[in-house]
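The working numbering puts the sequence shown at residues 6 to 686.
Here a beta-carbon is modelled for each residue, glycine too, at the ideal position from N, C-alpha and C.
Some notes on the structure that comes next.
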Amino acid sequence: MEVKYIKGVGPKVAEHLKSLNINSVEDLLYYFPRDYEDLGTIKKINELKDGEIATLIVEVALIKPTRKTQSRKNLNQIVFKDDTGYLIGVWFNQPFIKNTFKVGENVLLHGKIQRRGAELQIVDPRYEKDYQSNEDKILPIYPLNRFFTQKSLRKIVKNALEQRDKIIKDILPNDIIKKYNLVDLNNALLNIHFPQNQELLKKSVYRLKFEELFVIQLGLQYFKKNLNSDLTAYEIPYSEKLKELKEELPFTLTNAQLRTVREILIDMKKSKPMNRLVQGDVGSGKTIIAAIAMFNCAMAGYQAAMLAPTEILAEQHYLSIKSLLLKYGLNIELITGSTTKKEKQRILESLANGSINIVIGTHALLEENVVFSKLALVVTDEQHRFGVRQRASLVSKGHNPHVLVMTATPIPRTLALFMYGDMDISIINELPPGRQKVDTYFVRSTMKERVYNFIKKEVQEGKQAYIVCPLVEESEKIEANSAEEVYEYLKYNIFSDNQDYVGLLHGKMSNEEKDYVMSKFKRGEIKVLVSTTVIEVGVNVPNATVMVIENAERFGLAQLHQLRGRVGRGNLKSYCILISDATNKESIERLTIMTKTNDGFEISERDLMLRGTGELFGLRQHGLPDLKISDLFKDVEILKITKDLAKELIENKMIETQEFAEIKLKIEQLFKEKIDINTFN
Ligand code: ADP
Ligand code: MG
């Protein structure tokens, strides 16, 4: 229903509501207050005490004419009454007050009570004429823009609430409402906007969160069930060579890596396609896990593909996996945007005829002309860099291939359960032994010279460093250091004797240029790499010990943590230096958190607390609806309850009954994208 059907909403107000993203009456009803102002319990006049701040609902009994006081102020008095007594409202120098009220009308008053002899007075109270008679007076506080005041928006919402019966239907079945002691939707909506009391407000919030999380959980699990039920995948046996490979690794796998590998191998042996997320902090060693899975797949005669977000990363994976599996005679290829046409043609043919066992690549892998003969395993590295659709498009190139996605985004477990309700999760909660904590410092830009000299000292000891700048070119508007400027400064000042030591890498360079610089850095010919965030994910140069981040306040916590993860990857003592002149509290807090902990999980929890769940991981990118009222961080308990309930309802097929018809419809709408993918899988 359009907002124009609400009393008092004309075309102009409707336009203004649009600017708050409110397009329908339903939107308005679901435009929840961000906070409340609690004026306290409504009192009767005979309960009032001298000096207290009180809220009352009274009737206007008498409006006295304006008088002059001895100190020559205008005095206005209005006599109010309720069924227990009289109260005098007192206003100074506000003569218009006497025209504001009408005898006989009801008014809400809020202010300080004073006893003057036998008389009770309330001086200059707040008053509100359009109120509901309820036990407590709790006023909603909405997020606003310049077109609205709290008062004006409250009035519109109030009028919209009158229409709620016509448009809102409670989709929760009665049995569930009863079992979980929920408020019905009608009351929940009324009380979330204009709560009768704190108790009902709490129950209404609970009810709305419950519904929101329940519907999503139901959707995720319904989808998972459908996805898994009748699809058959290639059953990939354990290779006899696995043991040999494990013994040849340059290191011993950590227990967490072993457990994860085991879980993957078990999944891949089943005829049901694996759908597994491997979550491990930066440097926890996820690449080797992907390599083992792909190895096992290839040894069984199937093809495996790995998708990486950047060319640098794809090439790095390609080189390390190729050398790791060298002796097994597998055909391993790399395909990226800079693969030559001729080369690409050859690879495409070999992929299609099945002679390539393992392919690693960037988005180039997703192109339509990439066809496989027996694709049985799809690995996506750094999955947060890809949308649902991109991942799905690689999956669609196989016949229900097993799916493995890897992420370093350190998501608290509850959030992971929510976002990946349709996936199984392996968590690598252990770093390889010998890793040292990266010492992190937050310094002002006046320290820059000293920081650069510190880099010089590390370089003289044979180590390497990164300097990350947020922008490529000088911009007048944004006072960021340009990478090029820093590069030139280092080259001609700090390293004037060894200018070749300094390298520059940024997004505007061609792929060949980037590769060239990156490989020189890997070989140690370039000692100091000045770059933009192109090196953010995955890059592995264990000899690098210093990460300097300029204008560090421009980065989010998760990004800072990723960047810091580029150092401390070997056994060398490493440092991260955050340079920032930020003065706002939030930025300083963020940078300070970085200096206090190296634990990705802790950082992401702090990030959630600072920023809320909405923005952080881009729920939409995961094909999930935005949350209107729930906070995944705070509402863990409701999340658990609704998850269990959803599971039960799907297992006993209740979801297919008439009672759930409405919810099912809603799920189908909300999860349209995921369901689309499901059907073209
Ligand atoms: P990420 O999880 O960030 O992708 P990588 O897979 O790039 O981490 O591994 C980081 C570094 O740790 C690499 O140099 C890798 O060879 C090394 N590594 C991985 N597993 C172990 C282990 N169990 N013991 C020692 N080093 C390891
Ligand atoms: Mg990685």
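ask   = Can you tell which of Thr385, Ser355, Gly366, Ile365 has its C-alpha closest to the C-alpha of Val376?
value = Selected option, being the one with the closest Cα: Ser355.
query = Does any heavy atom of the ligand MG sit closer than 7 Å to the C-beta of Lys291?
reply = Yes, since a heavy atom of the ligand MG falls inside the 7 Å radius drawn around the Cβ of Lys291.
key: 6 Å CB neighbourhood of Ile297 in its chain, flanking five on each side removed   = The residues are Val266.
task = Use the C-beta contact count for Gly15: other C-beta atoms within 10 angstroms, 16 or more gives buried, fewer gives exposed.
result = Gly15 should be labelled exposed.
query = On the three-state DSSP scale, how would you describe Cys474?
reply = Cys474 falls in the coil class under three-state DSSP.
inquiry  = Per DSSP, what are the beta-bridge partners of Gln126 in this structure?
reply    = Gln126 is bridged to Ile93, Gln119.
message = Does the structure place the segment 329-336 close enough to the segment 403-411 that three or more beta carbon pairs sit under 8 Å?
response = Not touching, per the Cβ criterion.
message = So, for Arg559: in the same chain, excluding its five sequence neighbours on each side, which residues have a beta-carbon less than 6 Å away from its beta-carbon?
response = Setting aside the 5 residues that flank it on each side, Arg559 is surrounded in the same chain by Pro475, each with a C-beta closer than 6 Å to its C-beta; the list follows chain order.
key: Residue(s) in a DSSP beta bridge with Gln733   = Any property of residue 733 remains undetermined from this structure, which presents the chain solely from 6 to 686.
request  = Consider the C-beta atom of Asp386 and the heavy atoms of the ligand MG; say whether any pair is separated by less than 7 Å.
outcome  = A distance criterion of 7 Å places the beta-carbon of Asp386 in contact range of the ligand MG, judged by its closest non-hydrogen atom.
message = Restricting to runs no shorter than 3 residues, where is the beta strand (DSSP E) found entirely within the segment 328-384?
response = DSSP assignment within the segment 328-384 yields the following whole beta strand (DSSP E) runs of 3 residues or more, N-terminal first: 337-340, 363-366.
ask   = How far does the beta strand (DSSP E) with Ala413 in it reach, from first residue to last?
value = Annotation: Ala413 is outside any beta strand (DSSP E) and is labelled neither H nor E by DSSP.
inquiry  = Suppose you measure from the CA of Arg39 to the CA of Leu166; what does that come to, to the nearest Å?
reply    = If I take the Cα positions, the gap works out to 18 Å.
inquiry  = Cutting at 6 Å between CB atoms, please list the residues of its own chain near Gly285, excluding the five before and the five after it.
reply    = Only residues of its own chain outside the window of five on either side were considered, and among them Lys291, Ile433 have a CB closer than 6 Å to the CB of Gly285, listed in chain order.
query = Who are the Cβ neighbours of Tyr35 in its own chain at under 7 Å, not counting the five residues just before and after it?
reply = Lys633.
key: Contact check, Val491 vs Val535, beta carbons under 8 Å   = In this structure, the beta-carbon distance from Val491 to Val535 falls below 8 Å.
message = Check this for me: beta carbons of Val63 and Leu92, under 8 Å apart or not?
response = Yes; because the gap between Cβ atoms is below 8 Å, this pair is in contact.
Length of the line joining the Cα atoms of Glu620 and Leu195 = In this predicted model, Glu620 has a pLDDT of only 46, less than 50, meaning its place in the structure is not dependable enough to derive any value.
message = From the DSSP secondary-structure annotation, give me the bridge partner or partners of Tyr132.
response = BP columns for Tyr132 point to Leu114.
inquiry  = Below 8 Å, how does it come out for the segment 313-327 and the segment 357-376: are there three or more Cβ pairs, yes or no?
reply    = At 8 Å Cβ cutoff, the stretches touch.
request  = Please go through the segment 644-680 and give each complete alpha helix (DSSP H) segment of 4 or more residues, from N-terminal end onward.
outcome  = Listed in chain order, the complete alpha helix (DSSP H) runs (minimum 4 residues) inside the segment 644-680 are 666-675.
request  = Answer yes or no: the CB of Ala563 versus the heavy atoms of the ligand MG, is any distance below 7 Å?
outcome  = Every heavy atom of the ligand MG is 7 Å or more from the Cβ of Ala563, so no.
Distance, Thr46 Cα to Asp55 Cα = Take the alpha-carbon of Asp55 and the one of Thr46: they are about 17 Å apart.
ask   = Is DSSP giving Ala238 helix, strand or coil here?
value = Coil, per DSSP.
inquiry  = To the nearest angstrom, how far is the alpha carbon of Asp444 from that of Asn498?
reply    = CA-to-CA, the gap between Asp444 and Asn498 works out to about 26 Å.
Under 8 Å between C-beta atoms of Ala261 and Asp386 = No, they are not a contact pair.
request  = Report the three-state DSSP secondary structure of Tyr446 (helix, strand or coil).
outcome  = Three-state DSSP puts Tyr446 in a strand.
key: Sheet register partners of Gln284 (DSSP bridge)   = Bridge partners of Gln284: Thr412, Ile432.
ask   = With C-beta atoms as the reference, is Val533 less than 8 Å away from Ile584?
value = Not a contact, by the Cβ cut-off of 8 Å.
ask   = Using a threshold of 7 Å, is the CB atom of Thr451 nearer than that to any non-hydrogen atom of the ligand ADP?
value = No, the ligand ADP has no heavy atom inside 7 Å of this Cβ.
key: Reference Thr538, options Leu149, Gly570, Asp87, closest by Cα   = If you compare the alpha carbons of Leu149, Gly570, Asp87 with that of Thr538, the shortest gap goes to Gly570.
task = Pick helix, strand or coil for His404, following the three-state DSSP scheme.
result = The answer is coil: DSSP assigns His404 none of H, G, I, E or B.
query = Heavy atom of the ligand ADP less than 7 Å from the Cβ of Asn434, yes or no?
reply = With a cutoff of 7 Å, Asn434 does not count as near the ligand ADP, since its C-beta is closer than that to no heavy atom of the ligand.
key: Among Gly224, Leu596, Tyr185, the one whose alpha carbon lies nearest that of Glu667   = The residue with the shortest Cα to Cα distance from Glu667 is Gly224.
request  = Over the uninterrupted alpha helix (DSSP H) stretch that includes Tyr494, give me the two end residues.
outcome  = Tyr494 -> alpha helix (DSSP H) spans 488-494.
ask   = Which residues does DSSP pair with Val535 in a beta bridge?
value = According to DSSP, Val535 bridges with Ile472, Leu509.
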